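Numbering (the working numbering), first residue to last: 1 to 357. Virtual Cβ for every residue (Gly too), placed ideally from N, Cα, C. All figures in this text were calculated on a predicted structure; none of them were measured in a lab.
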Ligand code: ADP
Ligand code: MG
């Protein structure tokens with residue numbers, strides 16, 4: 001069975017994501033409880049500052065050894081990125097582009113968008129930043145969504161979701177065909193982690209664990225010299241339950257899973273938030289989740305989405321061929337990882353109903 005992470009567990013678990021922009025009382029209480037700085041005595045490296053906020057539609061927790069004021073800088077970095085790249089936030093680059101079909105985006109949005117389009121081309125649309133019309137149609141994770149759209153509605157929008165139709169001009173003007181739209185939800189959190197980690201490193205932090213809705217940046221090791229341990233979440237359990245642990249130092253990791261945002265329809269079918277461009281429906285490749293470890297957050301985030309869509313077989317093949325460290329958890333409770341993943345990271349299975357193959 002899956003283990004449950006206790007408070008102050010020696011390893012760190014992946015924080016749950018809460019969908020929807022409106023903060024419910026429950027979320028608000030949790031947020032306020034977490035918002036205060038917590039100081040923990042470090043074994044040898046002074047005190048750890050831990051700070052949580054709600055941004056980019058998820059919890060953002062920075063735990064690090066260093067000046068407590070740095071967390072405020074991290075918050076600002078992430079909310080600035082959200083203000084530029086959110087699809088739903090009025091006035092963002094992506095909002096304006098989707099509204100008008102032509103818009104000169106900021107340099108930062110351009111960098112993330114170009115990376116997204118490159119990965120879309122490399123993965124032949126498994127990662128697809130042009131899925132906005134279908135993401136809106138499905139409304140997964142939004143309050144009140146409890147039924148899938150009609151097949152005819154999906155088919156009507158599919159032709160508008162070809163990432164090759166997004167035209168990026170020299171200078172940063174982006175042009176979209178009528179009705180098309182971009183969504184950087186599968187890549188922006190990873191990019192934000194790159195920027196936060198870069199800032200902490202520049203300010204002298206040598207040990208930190210930063211979690212933005214399940215995408216994680218690890219800087220260095222814990223002050224006692226041991227690696228940070230990340231929990232591989234139990235796909236069917238609560239956010240604090242895990243089936244395995246992975247030790248990481250100086251790395252970024254993202255996991256795409258069926259549990260982050262979903263709804264269960266009246267007929268009991270579960271619809272999650274990662275769409276397959278080929279069908280316009282939630283990707284169904286027998287996977288619970290896909291975890292990527294990379295030296296860049298932007299890559300770990302985009303590839304976790306892409307390889308989730310590919311499924312274990314094609315995803316493993318793609319990852320081996322392209323030197324990506326990937327781990328897959330299948331619906332039949334098997335765990336598979338690339339050779340690179342197995343060689344580089346210390347992995348421990350903790351659930352006896354899962355099997356590593
Ligand atoms: P999460 O955001 O929950 O950490 P992902 O990184 O996998 O998970 O991103 C999923 C989000 O990316 C969706 O909520 C949606 O905004 C967007 N998205 C959905 N399907 C795709 C896809 N095939 N390619 C790129 N982005 C996608
Ligand atoms: Mg992703």
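With fewer than 16 other CB atoms across the displayed protein chains lying within 10 angstroms of its CB, residue 322 is exposed. Per the C-alpha coordinates, the member of 273, 237, 165 positioned closest to residue 136 is 273. Per the coordinates, the alpha-carbon of residue 164 lies some 40 Å from the alpha-carbon of residue 228.
The DSSP-derived three-state label of residue 211 is strand. Taking one beta carbon from each stretch, the segment 305 to 315 and the segment 166 to 178 have fewer than 3 pairs nearer than 8 Å; the two do not touch. When C-alpha distances from residue 286 are compared across 116, 335, 154, 221, the shortest belongs to 335. Between residue 221 and the set 209, 215, 127, 232, the nearest pair of CA atoms involves 209. Relative to the Cα of residue 332, the nearest Cα in the group 317, 49, 356 belongs to 356.
Of all C-beta pairs linking the segment 85 to 96 to the segment 184 to 199, three or more are shorter than 8 Å, placing the two stretches in contact. By the Cβ-count criterion, residue 49 is buried, with 16 or more other Cβ atoms from all chains shown falling within 10 Å of its own Cβ. Checking the 6 Å criterion, the Cβ of residue 230 is out of range of every heavy atom belonging to the ligand ADP. The three-state reading of DSSP puts residue 317 in helix, counting H, G and I together.
Of all C-beta pairs linking the segment 118 to 135 to the segment 145 to 162, three or more are shorter than 8 Å, placing the two stretches in contact.
Non-local C-beta neighbours of residue 280 in its own chain, meaning closer than 6 Å and more than five positions away in sequence, comprise 134, 154, 158, ordered along the chain.
Rounded to the nearest whole angstrom, the C-alpha separation of residue 95 and residue 107 is 16 Å. Residue side-chain check: residue 234 keeps its Cβ at 6 Å or more from all non-hydrogen atoms of the ligand MG.
When only Cα atoms are considered, residue 240 and residue 138 end up about 28 Å apart.
The segment 201 to 256 is shown to contain whole beta strand (DSSP E) runs of 3 or more residues at 208 to 212, 215 to 219, 228 to 233, 241 to 248, in chain order. Taking the Cβ of residue 273 as the reference point, at least one heavy atom of the ligand ADP falls within a distance shorter than 6 Å. For the set 193, 319, 214, 83, the Cα lying nearest the Cα of residue 260 is the one of 214. Of the other Cβ atoms in all chains shown, fewer than 16 fall within 10 Å of the Cβ of residue 236; this residue is therefore exposed. Scanning its chain for C-beta atoms nearer than 8 Å, with the 5 sequence neighbours on each side dropped, one finds around residue 194 the residues 217, 252, 296, 297, 298, in chain order.
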